[in-house]
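Chemist: This is the structure I want to talk about, given as structure tokens.
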Ligand SMILES: Cc1cc2nc3c(=O)[nH]c(=O)nc-3n(C[C@H](O)[C@H](O)[C@H](O)COP(=O)(O)O)c2cc1C
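Numbering (this note's numbering), first residue to last: 50 to 233.
This is the structure:
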């Protein structure tokens, strides 16, 4: 199987990372893959904020969890109140993707960039997980200042990157192939 298809099939979310930082070179490689993603009307609206400050990463987790505790959705409330749960899985590097609000399709642009980054990371031996629950932090007024979000931009997702802690393996989801309809 060719390498691209192999990486697509083998990528799985990882939520246990070694306490080892990634090189700037590898992070640039991952972001470059994001920059090469398609974007609606070629807006190239995505901005990348690389966070490697542990205090900030822990703060984002703590504040998000406080907000999640207020949710009406049971499982979100449960995660919010769990002491063991860390929103960003103690990852050494977190990249927040923001997009220009005036772009044609900001969320889709971010999503395309994120998937490219997950696959690029996997291809160079770096694990990742896409964190949508970061929206609980992004809705706080202080978030744009703390994350240096530019005027007119909105953060949409946080992505955790790091080396997988292989000692802490857990079952990874398989795929349902009963999802295809053909109209010929
Ligand atoms: C939009 C989106 C939001 C997600 N948010 C979270 C999240 O907040 N926390 C988390 O641990 N995983 C999150 N994930 C990862 C999914 O749980 C994961 O992709 C799914 O369980 C399938 O597992 P796999 O990535 O290993 O194939 C998110 C994935 C997507 C696409």
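Even for Gly, the Cβ is constructed at its ideal location relative to N, Cα and C.
According to DSSP, is residue 179 part of a helix, a strand, or is it coil?
Modeler: Of the three classes helix, strand and coil, the one that applies to residue 179 here is strand, per DSSP.
Chemist: Report the rounded CA-to-CA distance for residue 131 versus residue 233, giving the unit in angstroms.
Modeler: Taking the straight line joining both Cα atoms gives about 50 Å.
Chemist: Is residue 179 near ligand 1, with its Cβ less than 7 Å from a heavy atom?
Modeler: Checking every heavy atom of ligand 1 against the Cβ of residue 179, one is found closer than 7 Å.
Chemist: Closer than 7 Å: is that where the CB of residue 204 sits relative to any heavy atom of ligand 1?
Modeler: For ligand 1, not one heavy atom lies less than 7 Å from the Cβ of residue 204.
Chemist: So, at 6 Å on beta carbons, what are the nonlocal neighbours of residue 70 in its own chain, with the 5 sequence-adjacent residues on each side left out?
Modeler: Same-chain partners within the cutoff: 141.
Chemist: Is residue 105 near ligand 1, going by C-beta to nearest heavy atom under 7 Å?
Modeler: For ligand 1, not one heavy atom lies less than 7 Å from the Cβ of residue 105.
Chemist: In three-state terms, what does DSSP make of residue 147?
Modeler: Three-state DSSP puts residue 147 in a strand.
Chemist: Considering only their Cβ atoms, is the gap separating residue 86 from residue 149 smaller than 8 Å?
Modeler: The answer is no: Cβ separation not under 8 Å.
Chemist: Less than 8 Å between the CB atoms is what I'm expecting for residue 166 and residue 100, so what's the real figure, rounded?
Modeler: Between residue 100 and residue 166 the Cβ distance is about 14 Å, and since that is not below 8 Å, they are no contact.
Chemist: Let me know the secondary structure DSSP gives residue 205 once reduced to three states.
Modeler: The answer is strand: DSSP assigns residue 205 an E or B state.
Chemist: Quick one: what's got a C-beta closer than 8 Å to residue 118's C-beta in the same chain, skipping five residues either side?
Modeler: If we look at residue 118 and ignore the five residues flanking it on each side, its Cβ neighbours are 126, 129, 130.
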